[in-house]
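Numbering (full-length UniProt numbering), first residue to last: 1 to 428.
Reviewing the structure listed below.
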Amino acid sequence: MSRKTFPGHPLFDTAKLLDGQIESLEDYPTLAQFLDAQHPQAREDWHAAAKFLTKHAATPGSFAQFRGEVQRLLNFTWCIRGKSLKELNGDDIDAYINLIKRPPKGWSTTPEQGRLRGFVTRAGRREANPDWRPFYDAGKVRKQSTIDAAVASMSIFFKRLTVSGYLNRSPMLDATKRVQKASKSERASRSPTAPKARKATAPRLTSDQWRHLHDTLIKAADKDDYYEVNLFIVVTMKVLYLRVFELAPHGDPDSEQFVAPTMGDFQITTLGNNRYWELNVSGKGDKDRAIPLPKAYIPYLKRYREYRGLPPMPSPGETAPLIAKRGKSDPVMSKRTIERIVEESMVLAANRYLDMGMPEASEEILQTSKKTHILRHTGASMDIIENGRPLRDVSEDLGHESAAFTEAEYIDADTAKRYESGYVRGIL
Numbered sequence: 001m002s003r004k005t006f007p008g009h010p011l012f013d014t015a016k017l018l019d020g021q022i023e024s025l026e027d028y029p030t031l032a033q034f035l036d037a038q039h040p041q042a043r044e045d046w047h048a049a050a051k052f053l054t055k056h057a058a059t060p061g062s063f064a065q066f067r068g069e070v071q072r073l074l075n076f077t078w079c080i081r082g083k084s085l086k087e088l089n090g091d092d093i094d095a096y097i098n099l100i101k102r103p104p105k106g107w108s109t110t111p112e113q114g115r116l117r118g119f120v121t122r123a124g125r126r127e128a129n130p131d132w133r134p135f136y137d138a139g140k141v142r143k144q145s146t147i148d149a150a151v152a153s154m155s156i157f158f159k160r161l162t163v164s165g166y167l168n169r170s171p172m173l174d175a176t177k178r179v180q181k182a183s184k185s186e187r188a189s190r191s192p193t194a195p196k197a198r199k200a201t202a203p204r205l206t207s208d209q210w211r212h213l214h215d216t217l218i219k220a221a222d223k224d225d226y227y228e229v230n231l232f233i234v235v236t237m238k239v240l241y242l243r244v245f246e247l248a249p250h251g252d253p254d255s256e257q258f259v260a261p262t263m264g265d266f267q268i269t270t271l272g273n274n275r276y277w278e279l280n281v282s283g284k285g286d287k288d289r290a291i292p293l294p295k296a297y298i299p300y301l302k303r304y305r306e307y308r309g310l311p312p313m314p315s316p317g318e319t320a321p322l323i324a325k326r327g328k329s330d331p332v333m334s335k336r337t338i339e340r341i342v343e344e345s346m347v348l349a350a351n352r353y354l355d356m357g358m359p360e361a362s363e364e365i366l367q368t369s370k371k372t373h374i375l376r377h378t379g380a381s382m383d384i385i386e387n388g389r390p391l392r393d394v395s396e397d398l399g400h401e402s403a404a405f406t407e408a409e410y411i412d413a414d415t416a417k418r419y420e421s422g423y424v425r426g427i428l
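So this is what it looks like as structure tokens:
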């Protein structure tokens with residue numbers, strides 16, 4: 001690749017070949033040589049970025065968007081700034097935005113060339129396409145929407161690297177006032193009804209609070225089967241990311257949109273040679289989704305069905321209501337009933353904290369008693385951040401339109417670190 005006009009290099013192969021590329025660069029001789037000639041931490045940067053891209057490999061549109069942005073950013077970081085990702089600051093981000101607006105000479109393909117593949121096969125190896133450039137259509141004026149998309153992609157990228165521990169702090173924090181805020185204000189001026197930017201992620205229980213709530217309900221149900229309903233509802237909402245109304249009949253009773261959840265909504269599906277249980281849910285906007293059941297959830301389902309006097313597992317077309325009134329076979333008819341059961345469960349956990357001599361912990365969990373959405377948020381947040389479940393999988397089970405929305409809703413490592421550092425500040 002000519003270094004006279006473009007000093008960089010394509011960095012990531014197709015989604016299909018990316019895993020093999022991460023495993024070894026033996027079949028990528030020009031890329032290996034390029035990385036070794038850059039910043040000493042270039043290979044570490046590359047591996048961290050490649051791991052990030054694997055999270056989006058199953059979604060072609062997202063993969064293409066993120067791959068393009070990350071390749072541009074890394075070439076800028078190493079070739080122009082002479083830095084590692086770990087050394088970037090707000091000034092670097094500002095400079096990168098200016099580069100997007102006016103790419104340097106030689107960094108773009110011509111309109112006639114269009115988009116070109118980064119790698120070509122020669123003698124069984126993947127080498128850089130000498131005509132590849134990180135931008136296409138030289139001379140094209142970049143619209144504000146292009147800048148906004150770049151800012152959004154970088155924000156997600158740096159958040160993920162912070163959550164994974166590769167970065168201590170996102171450089172977007174220092175660029176927020178100059179780049180992100182300006183971008184948002186421009187969008188808002190064009191759209192008077194544009195919603196305000198989120199200032200925090202969705203509220204959730206801590207891992208310790210969730211464990212305490214779970215153990216409280218187990219102890220209560222073991223002692224008195226009155227609380228079997230509490231245990232099943234709370235675990236189901238948390239583990240399957242359910243909204244309150246999705247457990248109760250909802251919609252217009254006189255229309256075809258009326259939904260009455262039943263045990264028959266639990267079904268078996270076959271994928272490949274494996275059979276899985278799933279729960280079919282009618283969610284917000286009458287959008288249906290199927291949520292795979294974790295193996296660890298099955299005992300809770302069996303336990304609740306045994307309390308109801310039902311066979312261990314649901315059968316096809318079973319009409320028994322998903323949630324029945326205590327001691328009856330009639331269905332719970334409103335989401336308010338579900339909310340009261342969740343509130344009752346939170347109060348139980350708060351009282352147990354008091355019995356343990358922990359009044360502050362009791363007060364904290366009591367404050368969440370009316371935030372029934374907190375169980376859905378807790379399940380999703382714990383699975384993404386603590387358990388490492390793929391973001392795309394969680395997003396689909398939540399019923400979100402995109403993984404990007406899920407990421408913005410549940411991942412905010414920058415704010416978490418700011419509060420952590422603020423908490424340990426001294427007075428003197």
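Glycine included, each C-beta is placed from N, C-alpha and C at the ideal position.
Quick caveat, the model's predicted, so the values are computed rather than measured.
Q) What are the boundary residues of the beta strand (DSSP E) that Glu127 is part of? A) Arg125 to Ala128
Q. By the 10 Å Cβ neighbour count, where 16 or more other Cβ atoms means buried, how is Met237 classified, buried or exposed?
A. buried
Q. If we call anything under 8 Å between Cβ atoms a contact, is Val244 one with Lys335?
A. yes
Q | Span separating the alpha-carbon of His212 from that of Leu398 | A | 24 Å
Q.
From the DSSP secondary-structure annotation, give me the bridge partner or partners of Glu278.
A. Gln267 and Pro292
Q: Please state whether DSSP places Arg122 in a helix, a strand or coil.
A: strand
Q: Return helix, strand or coil for Phe258, following the three-state DSSP convention.
A: coil
Q.
Classify Tyr226: buried if its beta carbon has 16 or more other beta carbons within 10 angstroms, exposed otherwise.
A. exposed
**Q.** For Gln367, the nearest candidate out of Asp330, Ala248, Arg425 and Arg204 (CA to CA)
**A.** Arg204
**Q.** Beta-carbon proximity list for Asp252, same chain, < 8 Å, skipping 5 on both sides
**A.** Phe258
(Q) Distance check for Leu99 and Ser108, CA to CA, integer angstroms please. (A) 11 Å
Q: Return yes when the Cβ of Lys86 is within less than 8 Å of the Cβ of Ile411, no when it is not.
A: no
Q) Do the segment 30 to 39 and the segment 56 to 73 meet, that is, are 3 or more Cβ pairs less than 8 Å apart? A) no
Q. Is Ser362 helix, strand or coil when you go by DSSP?
A. helix
Q. Expressed to the nearest angstrom, what Euclidean distance is found between the alpha-carbon atoms of Arg340 and Arg376?
A. 16 Å
**Q.** Cβ contact check for the segment 38 to 55 and the segment 118 to 129: 3 or more pairs under 8 Å
**A.** no
Q. Would the beta-carbon of Pro331 fall within 8 Å of that of Pro321?
A. yes
**Q.** Buried or exposed by the 16-neighbour rule on C-beta atoms within 10 Å, applied to Tyr300
**A.** buried
**Q.** Burial state of Glu386, where buried means 16 or more other Cβ atoms lie within 10 Å
**A.** exposed
Q) Which first and last residues belong to the alpha helix (DSSP H) in which Ile97 is found? A) Gly90 to Lys101
Q | Residue environment, Leu271, which counts as buried when at least 16 other CB atoms sit within 10 Å | A | exposed
Q. Does the beta-carbon distance from Phe157 to Phe66 come in below 8 Å?
A. yes
Q.
Going by DSSP in three states, Ala324 sits in which element: helix, strand or coil?
A. strand
Q | Ordered list of alpha helix (DSSP H) runs contained in the segment 382 to 415, each at least 4 residues | A | 391 to 398 and 403 to 410
Q. Could you give the C-beta distance for Gly106 and Phe6, rounded to a whole number, given that I count them as a contact under 8 Å?
A. 5 Å
Q.
For Thr162, count the other beta carbons within 10 Å of its own beta carbon; 16 or more makes it buried, fewer makes it exposed. Which is it?
A. buried
Q) With distances taken between CB atoms, is the gap from Glu343 to Ser369 smaller than 8 Å? A) yes
Q) On the premise that Ser395 lies in contact with Thr406, defined as a C-beta separation below 8 Å, what is that separation, rounded to the nearest angstrom? A) 4 Å
Q | Alpha carbon of Ala349 to alpha carbon of Glu127, nearest angstrom | A | 60 Å
Q. If you compare alpha carbons, which of Trp132, Lys223 and Leu310 is closest to Gly264?
A. Leu310
Q: Sort Phe76, Tyr276 and Lys16 by Cα distance to Thr59 and report the nearest one.
A: Lys16
Q: Measure from the C-beta of Lys223 to each C-beta in chain C and report whether the shortest distance is under 8 Å.
A: No chain C appears in this structure, which consists of one protein chain only.
Q) For Ser108, does the three-state DSSP call read helix, strand or coil? A) strand
**Q.** Simplified DSSP assignment, three categories, for Phe6
**A.** coil
Q: Use the C-beta contact count for Pro130: other C-beta atoms within 10 angstroms, 16 or more gives buried, fewer gives exposed.
A: exposed
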